[in-house]
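Below is one structure, written out as structure tokens, with a few remarks after it.
In my numbering, the protein residues as written are 24 to 164.
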């Protein structure tokens, strides 16, 4: 018959050092995609609760704006602001890497795939660092 292929130990975590930049780009693109999907579901859950979906009939009848109150309460939390910076970094990298992959699929920049990955990382870092003061102080502060 056939011999089994030795794929190495599953526990061999030292192999990450052998990954090429293209593999890191693929891993980060998949990871950021899953983070964005998770955020989408969390966002929908928070907004549906903020709109007074259940149990807030008295507040609605009193004329209170549950949506604005909920969002102001969330924006006041330092953890939420830090998570928003992280969300920005995830979204920017995912977008830039997606455009990079589109260009590669179109045959543009095939010989500079590694450089374009590094550029997308640097641009993501620059945009994220530049936005930190805005997220940490808030727009209305």
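Note that CB positions come from ideal geometry on N, CA and C, so glycine has one too.
How would you label residue 117, buried or exposed, when you count the other beta carbons within 10 angstroms and need 16 or more for buried? The residue given as residue 117 occupies position 94 in the chain shown. Counting Cβ neighbours within 10 Å, residue 117 comes out buried, since at least 16 surround it.
7 Å CB neighbourhood of residue 73 in its chain, flanking five on each side removed: Residue 73 sits at position 50 when you count from the first residue of the chain shown. Excluding sequence neighbours, residue 73 sits near 89, 90, 93 and 94.
Whose C-alpha, out of 148, 153, 160 and 42, is nearest the C-alpha of residue 113? Along the chain shown, read from residue 1 onward, the residue named residue 113 stands at position 90. Checked all of 148, 153, 160 and 42; the closest Cα to residue 113 is 148.
Supposed close pair residue 115, residue 151 - CB separation, criterion 8 Å: The sequence position of residue 115 within the chain shown is 92, counting from 1. The sequence position of residue 151 within the chain shown is 128, counting from 1. Sure, about 7 Å apart at Cβ, within 8 Å.
Residue span of the alpha helix (DSSP H) that contains residue 43, given as start and end: The residue labelled residue 43 in the question sits at position 20 within the chain shown. Careful: residue 43 lies outside any alpha helix (DSSP H) and carries neither H nor E.
How many angstroms separate the CA atom of residue 43 from the CA atom of residue 96? In the chain shown, counting from the first residue as 1, residue 43 sits at position 20. In the chain shown, counting from the first residue as 1, residue 96 sits at position 73. Roughly 44 Å separates the two Cα atoms.
Are the beta-carbon atoms of residue 141 and residue 110 separated by less than 8 Å? By 1-based counting over the chain shown, the position of residue 141 is 118. By 1-based counting over the chain shown, the position of residue 110 is 87. Not in contact: residue 141 and residue 110 (Cβ atoms no closer than 8 Å).
Leaving out the 5 sequence neighbours to the left and right, which residues in its chain are closer than 7 Å to residue 48 when beta-carbon positions are compared? Counting from 1 along the chain shown, the entry for residue 48 is found at position 25. Answer for residue 48: 120 and 140, listed in chain order.
Once the 5 residues before and after residue 57 are set aside, which same chain residues still bring their CB inside 8 Å of it? Taking the chain shown and counting its residues from 1, one reaches residue 57 at position 34. None.
Exposed unless 16 or more other CB atoms sit within 10 angstroms - verdict on residue 160: For the purposes of this step, residue 160 is taken as residue 137 along the chain shown, with counting starting at 1. When all chains shown are included, residue 160 counts as exposed.
Spatial distance of residue 66 from residue 98 (CA atoms): Stepping through the chain shown from its first residue, residue 66 is reached at position 43. Stepping through the chain shown from its first residue, residue 98 is reached at position 75. Straight-line Cα distance between these residues: approximately 14 Å.
State the DSSP-derived secondary structure class of residue 70, mapped to helix, strand or coil. Locating residue 70 in the chain shown gives position 47, counting from the first residue. In the structure shown, residue 70 sits in a helix (DSSP, three-state: H, G or I).
Within this structure, are the beta carbons of residue 107 and residue 158 separated by less than 8 Å? Residue numbering aside, residue 107 sits at position 84 when the chain shown is read from its first letter. Residue numbering aside, residue 158 sits at position 135 when the chain shown is read from its first letter. The answer is yes: Cβ separation under 8 Å.
Helix, strand or coil at residue 131 [DSSP, three-state]: The residue you call residue 131 lines up with position 108 of the chain shown. In the structure shown, residue 131 sits in coil (DSSP, three-state: anything other than H, G, I, E or B).
Between residue 136 and the rest of its own chain, which residues show a CB-CB distance below 7 Å, the 5 nearest in sequence each way excluded? Looking up residue 136 in the chain shown gives position 113. Result list for residue 136: 45 and 127, in chain order.
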